[in-house]
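Heads up, this note's numbering is the position in the sequence shown plus 1415, with the first residue counted as 1. Note that CB positions come from ideal geometry on N, CA and C, so glycine has one too.
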Amino acid sequence: MAYRALWVVGVVAGLFSLVTCAFLIANNTQLKRNDPIHAPALQRMVKQLKQTPQDETLKEQIREMDYLARRAFFSSQGFNQAGIWMLAGGLVVMVTAFKALSGFHRGLPFPDSSGPKDDLAANALWARKAVTVAALVLFGLALSLALPWKSTLDGAVAEVPSVPAPPGAPGGQGSVTGKGTAVPVAAAKPAAAAVVEGNAPPRGPGREERLRHWSSFRGGPVGARPQAATLPVEWDGATGRGVAWKTPVPLPGFGSPVLWGDRVFLSGGTAQARAVYAIDAKTGAVLWTRPVAASPGEPPRVLGDTGYAAPTLVCDGARVAALFATGDLVAFTVDGVPAWSAALGVPDNPYGHGSSLELHDGMLIVQYDQKKDGFVAAYDMATGAVRWKLPRKVGASWASPLLVELDGAERLVLVADAFLTVHDLGASGRELWRVEWGRAGDVATAPTWVDGLLVVACDHVKLAAIDPVKRAVAWENATEIPGVSTPVASGGFLFGGQSEGGIVCWEARTGKRRWLQETDDGFYASPILSGGRVYLMEKSGKMYIFEATGEAYKGVAQPVLGEEASATPAVLGNSLILRGAKNLFRIGT
1416 MAYRALWVVG VVAGLFSLVT CAFLIANNTQ LKRNDPIHAP ALQRMVKQLK QTPQDETLKE
1476 QIREMDYLAR RAFFSSQGFN QAGIWMLAGG LVVMVTAFKA LSGFHRGLPF PDSSGPKDDL
1536 AANALWARKA VTVAALVLFG LALSLALPWK STLDGAVAEV PSVPAPPGAP GGQGSVTGKG
1596 TAVPVAAAKP AAAAVVEGNA PPRGPGREER LRHWSSFRGG PVGARPQAAT LPVEWDGATG
1656 RGVAWKTPVP LPGFGSPVLW GDRVFLSGGT AQARAVYAID AKTGAVLWTR PVAASPGEPP
1716 RVLGDTGYAA PTLVCDGARV AALFATGDLV AFTVDGVPAW SAALGVPDNP YGHGSSLELH
1776 DGMLIVQYDQ KKDGFVAAYD MATGAVRWKL PRKVGASWAS PLLVELDGAE RLVLVADAFL
1836 TVHDLGASGR ELWRVEWGRA GDVATAPTWV DGLLVVACDH VKLAAIDPVK RAVAWENATE
1896 IPGVSTPVAS GGFLFGGQSE GGIVCWEART GKRRWLQETD DGFYASPILS GGRVYLMEKS
1956 GKMYIFEATG EAYKGVAQPV LGEEASATPA VLGNSLILRG AKNLFRIGT
């Protein structure tokens, strides 16, 4: 019975290996012939577009054909990589099974001490079997070496046709050009720890330009800037009262929406799928959806309150960049054309990566703290090239970067367990100074700039302020501490929500509590300011709107979204863009 079972296993494994080998050869042949960048049909359409650059229908056809071709190409490449392992596994099982069968043929010893090994015929049969097995193994190894582990597009240079930038993009009429190295999203390469030398790349949008949009977490430079517009205070997401539009978002995410011109960008993801979305801010229509393939390997395990799309995106008016818990960093033009990608490696992080992206002078800033081998890096927003990269010897954190003017220049401020660090934003990103402020805690709130102090928090440990002049801790509060929600500053006071519930007002110069308002649920979203009022979204979907005063809690309204919400609001004119658990809302007109 055991003999027959081993024989069946060996034969089945051999047939499986042959079939897998045949599929790999056929797929590889097709893969080598399929070049989505230089597909003849696509090239003809690009050539035609140069002659009729205003043909919107042709532009859309080019985008769709390019997207479909790349998707098919990388699906085939993914099958190759999986098939190689399947072939290797089949060969191992076959060899092991047939080797075990040889044990059933061993006879008893001969009286003259001779054995089967002295039988020339038996030796020849054994040799033939050995040669056959060796040939199959070598064939499998040779095939695995012959098949492309890397894309044939890794070194390809493509010219993507220019397309008009959306209204509000910098540079007058402007255009989004794709000249340079085209790195497919699914073929992301690990980012090299190098500094790009030579001529400085073109500058991105400046501070003033970014402040006219809502381009990153909490609105951009300095974060949570006050809004002069009067925002709505009454709405009901369930009934539609006060809602301009409501758009379903297929994949979940805790990252906040970002805005540029009349477009809203956000990301979503699960262990099985990730995507970036562009929404028309006027109508709520989905302009485009771009799936993002993960790097090879198992996706990380993440906490349900973090998910796979917690980092907020960043947009510079020409491109939008997103980072996922898988370590995949991707950039698209604002029209959805893939620009570049980089595989940062799966973060060694117990909850899932949550630090949002930031932008400065054409550089995409990535804070990638983890248990070991963490780093902060600046990538060229246009090309994905590494401008600079520095190791960070800190533990895992979920805080986001802050850009603030210190000593007459804009600086990068990062916070993690134990240390706050301040970095130069020039060609090296070098650390200028650091302050040790606390240990043994999970840091998730971003730094807050208020009255010349940098305020940081560590859940269940402390709220603290750093004096950048003295480079020392100015005050600490170990009683009322925001865990995830980043406080907002106004009029010498800080306002924030606690993860377990409760809204707190602190004196900015001393850290003393001025008042505490009990709430029904806790807060993950960060507050924003508008017209002397604070808008703070509870996890339940209830928005607490109150006066930004240190005297006492003075509530204005408590409208509800009708679903849970953990994302920080974005502001568009007199409207709010709110992300719920399932839908994206525009509140107001």
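Per DSSP, N1989 has no beta-bridge partner at all. Scanning the stretch 1656 to 1737 for uninterrupted beta strand (DSSP E) segments of 3 residues or longer gives 1658 to 1663, 1673 to 1675, 1678 to 1684, 1689 to 1695, 1701 to 1706, listed from N- to C-terminal end. The beta strand (DSSP E) runs lying completely inside the stretch 1861 to 1911 and spanning 3 residues or more are 1863 to 1865, 1868 to 1873, 1877 to 1882, 1887 to 1892, 1903 to 1905, given in chain order.
For G1853, the closest alpha carbon among the candidates L1674, C1873, L1702 is that of C1873. Beyond the five residues adjoining it in sequence on each side, W1703 comes within less than 6 angstroms, by CB distance, of A1693, G1751 in the same chain, given in chain order.
Apart from sequence neighbours up to five positions away, the residues of its chain that approach S1843 with a beta-carbon distance below 6 angstroms are W1803, ordered along the chain. For V1673, the closest alpha carbon among the candidates P1667, L1666, P1665, S1682 is that of S1682. Counting the other CB atoms within 10 Å of its CB gives L1718 a total below 16, which places it among the exposed residues. Judged by pairs of C-beta atoms under 8 angstroms, the stretch 1884 to 1897 does not touch the stretch 1948 to 1955, as fewer than three such pairs exist. Between A1963 and S1900, the gap from beta carbon to beta carbon reaches 9 angstroms or more. By the C-beta density criterion, Q1687 is exposed, having fewer than 16 other C-beta atoms within 10 angstroms. Across the set T1748, V1507, W1921, the C-alpha of V1507 shows the shortest separation from the C-alpha of L1430. Distances from the alpha-carbon of L1818 to those of L1626, V1427, G1657 put L1626 closest. For F1739, the secondary structure class from DSSP, reduced to helix, strand or coil, is coil.
In the three-state DSSP reduction, Q1932 falls in the strand class (E or B). V1837 is classed as buried because its beta carbon has at least 16 other beta carbons within 10 Å across all chains shown.
Taking the CA atoms as reference points, F1739 sits about 35 angstroms from R1459. Shown here for L1821: same chain residues with a beta carbon closer than 7 angstroms to its own, the five before and five after excluded, namely V1837, P1883 in chain order. DSSP places T1435 within a helical segment (H, G or I) once states are collapsed to three. C-alpha of E1915 to C-alpha of P1715: approximately 26 angstroms in a straight line. Put simply, of A1746, G1898, M1796, S1756 the residue whose alpha carbon is nearest the alpha carbon of S1710 is S1756. Going by C-alpha positions, P1806 is about 38 angstroms away from D1677. Under the three-state reduction of DSSP, T1964 is assigned to coil, being neither helix nor strand. The Cβ atoms of G1619 and L1759 do not sit closer than 9 angstroms to each other. The beta-carbon separation of A1746 and A1814, rounded to 23 angstroms, does not stay under the 8 angstroms limit for a contact. A1758 sits in a strand when the DSSP states are folded into three classes. Going by C-alpha positions, N1998 is about 39 angstroms away from R1924. Of the residues G2003, A1797, G1841, G1906, the one whose Cα lies closest to the Cα of R1734 is A1797. Take Y1766, set aside five residues on each side of it, and the residues of its chain with a beta-carbon closer than 6 angstroms to its own are L1718, T1721, in chain order.
Here the alpha carbon of A1659 sits roughly 8 angstroms from the alpha carbon of F2000. Relative to A1879, the option among L1779, G1907, G1926 whose CA is nearest is G1926. Following the DSSP letters along the chain, one finds E1624 in no beta strand (DSSP E) but inside the alpha helix (DSSP H) bounded by residues 1622 to 1626.
Membership of F2000 in the beta strand (DSSP E) is indicated by the continuous run 1998 to 2002.
Taking C-alpha positions only, G1970 is separated from E1933 by approximately 12 angstroms. Cβ-Cβ distances below 7 angstroms link G1742 to S1710, A1758, L1759, G1760, V1761, P1762 in the same chain, with the five nearest sequence neighbours on each side left out; the list follows chain order. Take M1501, set aside five residues on each side of it, and the residues of its chain with a beta-carbon closer than 7 angstroms to its own are T1435, in chain order.
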